[in-house]
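Numbering (this note's numbering), first residue to last: 34 to 209.
So, in structure tokens, the structure goes:
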């Protein structure tokens with residue numbers, strides 16, 4: 034994910050200050066890692082340097098004076114370019130789950146105990162997410178984030194079952 038592109042996307046609605054952008058990022062992308070304020074302001078500085086945002090003025094609400102940024106034509110063109118691109122599928126297996134299964138096989142000679150523990154953890158997380166998305170006052174963004182996580186957890190569970198079967202088959206090949 035490109036933080037700059039997300040901030041540009043948030044600025045397409047109207048000019049905003051950094052604190053507001055941080056709050057909106059965290060609210061509109063529930064489940065995503067929250068942005069640090071320093072990251073927001075450093076990104077805004079780069080976007081301003083590159084001509085994608087400009088300072089629209091300052092506002093003073095209850096707290097300190099805040100700099101308000103607005104997206105420029107170059108920023109709007111950049112967000113359109115970015116949205117026109119597809120996200121390439123990951124070229125490598127970089128899952129901690131996959132790595133732990135391989136290491137369990139190497140270190141312990143079996144991954145079955147690990148896979149069963151991980152399955153239980155995945156099922157518990159799925160129950161939490163399902164309960165959360167059925168809760169009162171849940172936003173559409175929170176439901177979408179929960180659905181996304183649930184689908185990934187489900188894919189992991191299916192892979193774990195396949196892995197257990199393949200490991201069993203492999204063991205029978207090696208030790209007839």
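Backbone N, C-alpha and C fix where the C-beta goes; we use that ideal spot for every residue, glycine too.
Return the CA-CA distance between residue i and residue j, expressed in angstroms with no decimal places.
i           : j           : result
residue 245 : residue 146 : Shown here, the chain extends from 34 to 209; a query on residue 245 therefore has no answer.
residue 110 : residue 91  : 25 Å
residue 152 : residue 190 : 6 Å
residue 164 : residue 175 : 12 Å
residue 196 : residue 143 : 11 Å
residue 149 : residue 112 : 43 Å
residue 65  : residue 59  : 7 Å
residue 160 : residue 46  : 35 Å
residue 156 : residue 185 : 12 Å
residue 56  : residue 73  : 10 Å
residue 187 : residue 158 : 11 Å
residue 205 : residue 138 : 15 Å
If you follow the alpha helix (DSSP H) that residue i is in, where does it begin and where does it stop?
i           : result
residue 56  : 51 to 61
residue 135 : 129 to 141
residue 71  : 70 to 82
residue 151 : 145 to 166
residue 110 : 106 to 117
residue 36  : 36 to 44
Excluding five sequence neighbours on each side, which residues of the same chain lie with their C-beta closer than 7 Å to the C-beta of residue i?
i           : result
residue 103 : 44, 48, 86, 87, 89
residue 162 : 179, 182, 183
Once you ignore the five residues that flank residue i on each side, which residues in its own chain have a CB closer than 6 Å to its CB?
i           : result
residue 115 : 38
residue 61  : 174
residue 80  : 37, 86
For residue i, write down the residues that DSSP places opposite it in a beta bridge.
i           : result
residue 93  : 98
residue 200 : Answer by DSSP bridge pairing: none, since residue 200 is not bridged.
residue 194 : According to DSSP, which records beta bridges pairwise, residue 194 is partnered with nothing at all.
residue 87  : 103
Just to confirm my understanding: we take residue i, look at its own chain, exclude 5 residues before and 5 after, and list those with CB closer than 8 Å. What are they?
i          : result
residue 76 : 36, 37, 40
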